[in-house]
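Engineer: Sequence order for the protein chains is A and B.
Residue numbers for the first sequence follow the working numbering, so the first one is 7 and each next one is one higher.
Residue numbers for the second sequence follow the working numbering, so the first one is 7 and each next one is one higher.
2 protein chains.
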Amino acid sequence: MSKNQKCVVLVSGGMDSCVTAGLAIHEGFNPAFLHVNYGQKTEDREKKAFHDIAQYYSVDKSMEIDMSHLKKIGGSCLTDTDIHIPDTNLDNTDVPISYVPFRNANLLSIAVSWAEVIGAQAIFIGAVEEDSSGYPDCRRTFYDAFEHAIAEGTRPETTIKILTPIIQMSKKEIILTGKRINSPLHLTWSCYKQNDVPCGGCDSCALRARGFQQAGLDDPILNNR
Amino acid sequence: MSKNQKCVVLVSGGMDSCVTAGLAIHEGFNPAFLHVNYGQKTEDREKKAFHDIAQYYSVDKSMEIDMSHLKKIGGSCLTDTDIHIPDTNLDNTDVPISYVPFRNANLLSIAVSWAEVIGAQAIFIGAVEEDSSGYPDCRRTFYDAFEHAIAEGTRPETTIKILTPIIQMSKKEIILTGKRINSPLHLTWSCYKQNDVPCGGCDSCALRARGFQQAGLDDPILNNR
Chain A
7 MSKNQKCVVL
17 VSGGMDSCVT
27 AGLAIHEGFN
37 PAFLHVNYGQ
47 KTEDREKKAF
57 HDIAQYYSVD
67 KSMEIDMSHL
77 KKIGGSCLTD
87 TDIHIPDTNL
97 DNTDVPISYV
107 PFRNANLLSI
117 AVSWAEVIGA
127 QAIFIGAVEE
137 DSSGYPDCRR
147 TFYDAFEHAI
157 AEGTRPETTI
167 KILTPIIQMS
177 KKEIILTGKR
187 INSPLHLTWS
197 CYKQNDVPCG
207 GCDSCALRAR
217 GFQQAGLDDP
227 ILNNR
Chain B
7 MSKNQKCVVL
17 VSGGMDSCVT
27 AGLAIHEGFN
37 PAFLHVNYGQ
47 KTEDREKKAF
57 HDIAQYYSVD
67 KSMEIDMSHL
77 KKIGGSCLTD
87 TDIHIPDTNL
97 DNTDVPISYV
107 PFRNANLLSI
117 AVSWAEVIGA
127 QAIFIGAVEE
137 DSSGYPDCRR
147 TFYDAFEHAI
157 AEGTRPETTI
167 KILTPIIQMS
177 KKEIILTGKR
187 INSPLHLTWS
197 CYKQNDVPCG
207 GCDSCALRAR
217 GFQQAGLDDP
227 ILNNR
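#1: With burial defined as no fewer than 16 other Cβ atoms inside 10 Å of the residue's Cβ, what is the status of A:ASP225: buried or exposed?
#2: Out of B:THR48, B:LEU223, B:VAL203, which one is the CA nearest neighbour of B:LEU84?
#3: Could you tell me whether any Cβ in chain B is nearer than 8 Å to the Cβ of A:GLY81?
#4: Along the chain, which unbroken stretches of the alpha helix (DSSP H) at least 4 residues long are found entirely within the stretch 62 to 127 of chain B?
#5: Output the boundary residues of the beta strand (DSSP E) element that contains A:PHE39.
#6: Going by C-alpha distance, which of B:SER104, B:PRO142, B:SER210 is nearest B:ILE89?
#7: Using CA coordinates, which residue listed in A:MET73, A:GLN219, A:CYS208 is at the minimum distance from A:PRO92?
#8: Hey, could you find the ends of the alpha helix (DSSP H) A:CYS24 is sitting in?
#9: If A:ILE79 sits next to A:GLY19, beta carbons under 8 Å apart, how far is it from one beta carbon to the other, in whole angstroms?
#10: Output, in sequence order along the chain, the residues in the stretch 155 to 170 of chain A whose CB is closer than 8 Å to any CB in chain B.
#11: Between B:TYR4 and B:PRO102, what straight-line distance do the alpha-carbon atoms span, to the nearest angstrom?
#12: For chain B, find out if any of its Cβ atoms is closer than 8 Å to the Cβ of A:ASP72; answer yes or no.
#13: Check the Cβ of A:THR147 against every Cβ in chain B and list those closer than 8 Å, keeping chain order.
#14: So is B:PRO37 in contact with chain A if we call contact Cβ pairs under 8 Å?
#15: Going by CA-CA distance only, name the one from B:THR165, B:ALA38, B:LEU114, B:CYS144 that's closest to B:ASP22.
#16: Under 8 Å, do A:GLU158 and B:PHE148 count as touching if we go by C-beta distance?
#17: Spatial neighbours of B:SER74 within its chain, please: C-beta separation below 7 Å, excluding the five flanking residues on both sides.
#18: Does DSSP put A:ASP208 in a helix, a strand or coil?
#19: For the beta strand (DSSP E) that contains B:LEU16, what are its first and last residues?
#20: Under 8 Å Cβ-Cβ, which residues of chain B neighbour A:VAL123?
#21: Please classify A:GLY222 as buried or exposed, where buried requires at least 16 neighbouring CB atoms within 10 angstroms.
#22: With B:ILE168 as the anchor, note down where its beta strand (DSSP E) starts and where it stops.
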């Protein structure tokens with residue numbers, strides 16, 4: 007794939023998608039940033055992070071999509087107000103209650119629609135297989151299968167790859183990669199529960215804290231407090 | 007697959023999805039109806055048809071989803087007000103301008119999310135490969151690929167098949183099937199252009215008219231005028 011090609015980057019506002027966006031730019035892609043509100047409890051804070059990161063990277067194109075119907079469907083503690091966000095348990099090996107059913111397929115589908123219209127040949131998504139919480143739609147086998155569905159379901163001349171550059175990284179490696187390529191980790195947001203200060207107790211806060219500790223670095227969003 | 011199982015049926019309000027819903031019920035499924043507004047120009051009329059069909063079949067569950075962000079993305083004469091809906095040309099062999107980029111993947115993704123939450127093991131979609139207008143996301147190869155993506159991207163215990171019972175039928179066969187199983191074709195809407203009376207000139211009106219003619223039947227929505 008030649009340099010300076012357009013790509014769509016799914017940017018939630020968290021560290022993983024921030025570093026993924028940085029890697030896309032580092033590799034010479036011209037990124038269009040796509041943010042999806044799926045009715046998660048911390049959407050307001052994540053949207054601010056999205057805009058801050060888009061501004062940091064001076065992207066030409068960015069779009070916000072409202073998919074809050076995923077909240078109507080529910081089935082996850084991230085979207086359903088009747089389901090409590092549990093305290094962290096990083097030893098859990100089941101699919102966690104924070105899994106939003108088939109969320110990433112919904113995100114990828116709209117990313118493909120946009121990519122096909124603007125002529126982007128790649129979609130970057132910051133999925134992480136290792137060190138993650140066991141989401142089925144974060145595994146490379148899923149992206150391979152989805153890539154095949156894209157090839158079958160779009161115009162014959164359309165070629166869109168799904169690129170997952172951090173999928174095998176640990177949180178420590180993601181943080182160190184972000185630092186190496188000057189990703190604005192200080193602008194990101196991870197907490198599942200709160201919009202003002204990180205709760206420190208949810209899975210996402212715990213993964214972030216462990217990652218910074220293992221990387222031997224301070225988390226800049228805690229220093230900013 | 008045993009009878010009386012839950013399924014999700016994508017119901018646009020047109021003849022194809024109406025007959026597909028009828029076949030699901032005919033086979034003993036308990037259907038949940040899903041309607042997606044993707045910003046198409048005739049959405050108001052299609053939504054009325056959806057409600058009329060849901061009422062006709064007395065379904066337990068129905069849901070409307072707003073995906074009008076597909077309009078924001080554009081790229082199709084069905085959603086983009088800057089793109090004119092052309093007069094019919096059923097001899098066209100290219101992907102037509104009414105193709106909404108990767109639309110059916112967006113529809114299927116949200117159908118899968120809902121199916122996984124309510125425990126449905128099948129999704130019915132009224133896609134038609136033959137006699138259609140050449141949409142890439144209406145081919146069975148696409149649904150096979152997507153089914154594989156569902157298996158990879160949902161919980162290990164989730165099994166969801168995509169059923170396309172009319173995919174090899176001509177419009178004539180769809181109409182005759184609908185008549186045989188008493189599908190309420192008089193409640194459906196097909197026109198791409200208008201909300202009050204069918205324009206008669208768009209691809210969708212032309213396919214419908216040719217289907218009724220070949221079936222040797224009168225179109226009930228024209229008799230109702």
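Think of the CB as a built atom: it goes at the ideal place given N, C-alpha and C, for glycine as much as any other residue.
Since the structure is predicted, the reported quantities are computational estimates derived from the model, not experimental observations.
Structural biologist: Short version:
#1: Stepping through the first sequence from its first residue, residue 225 of chain A is reached at position 219. Under this definition A:ASP225 is a buried residue.
#2: The count along the second sequence starts at 1 and reaches residue 84 of chain B at position 78. Checked all of B:THR48, B:LEU223, B:VAL203; the closest Cα to B:LEU84 is B:THR48.
#3: In the first sequence, counting from the first residue as 1, residue 81 of chain A sits at position 75. Interface residue, yes.
#4: 75 to 79, 109 to 124
#5: One-based indexing of the first sequence puts residue 39 of chain A at position 33. From DSSP, the beta strand (DSSP E) with A:PHE39 extends over 36 to 43.
#6: Numbered from 1 along the second sequence, position 83 holds the residue referred to as residue 89 of chain B. The candidate whose alpha carbon is nearest that of B:ILE89 is B:SER104.
#7: Indexing the first sequence from 1 puts residue 92 of chain A at position 86. It is A:CYS208 whose Cα lies nearest to the Cα of A:PRO92.
#8: Taking the first residue of the first sequence as 1, we reach residue 24 of chain A at position 18. From DSSP, the alpha helix (DSSP H) with A:CYS24 extends over 21 to 32.
#9: Locating residue 79 of chain A in the first sequence gives position 73, counting from the first residue. Locating residue 19 of chain A in the first sequence gives position 13, counting from the first residue. At roughly 22 Å, the Cβ-Cβ gap does not stay under 8 Å, so A:ILE79 and A:GLY19 are not in contact.
#10: Answer set for the stretch 155 to 170 of chain A: ALA155, ILE156, ALA157, GLU158, GLY159, THR160, ARG161, PRO162.
#11: As shown, chain B starts at 7 and ends at 231. That puts residue 4 of chain B outside it, with no answer to give.
#12: One-based indexing of the first sequence puts residue 72 of chain A at position 66. Among the residues facing chain B, A:ASP72 is included, as its CB has a counterpart in that chain under 8 Å away.
#13: Along the first sequence, read from residue 1 onward, the residue named residue 147 of chain A stands at position 141. Ordered by position in chain B, the residues that pass the 8 Å Cβ test against A:THR147 are GLU158.
#14: Within the second sequence, the letter at position 31 stands for residue 37 of chain B. It does not: the Cβ of B:PRO37 has no partner Cβ on chain A nearer than 8 Å.
#15: For the purposes of this step, residue 22 of chain B is taken as the residue at position 16 of the second sequence. If we check each option's Cα against that of B:ASP22, B:CYS144 comes out closest.
#16: In the first sequence, counting from the first residue as 1, residue 158 of chain A sits at position 152. In the second sequence, counting from the first residue as 1, residue 148 of chain B sits at position 142. Yes.
#17: In the second sequence, residue 74 of chain B corresponds to position 68, counting from 1. The residues are ASN43, TYR44, GLY45.
#18: For the purposes of this step, residue 208 of chain A is taken as residue 202 along the first sequence, with counting starting at 1. This sequence places Cys at residue 208 of chain A; Asp is not what is there. Three-state result, A:CYS208: coil.
#19: Start at 1 with the first residue of the second sequence, and residue 16 of chain B comes out as number 10. From DSSP, the beta strand (DSSP E) with B:LEU16 extends over 12 to 16.
#20: Your numbering for residue 123 of chain A matches position 117 in the first sequence. In chain order: ILE79, GLY80, GLY81, PRO107.
#21: Reading the first sequence from its first residue, position 216 is the one you call residue 222 of chain A. With fewer than 16 other Cβ atoms within 10 Å, it is exposed.
#22: Translated into positions along the second sequence, residue 168 of chain B becomes position 162. Per DSSP, B:ILE168 belongs to the beta strand (DSSP E) from 167 to 169.
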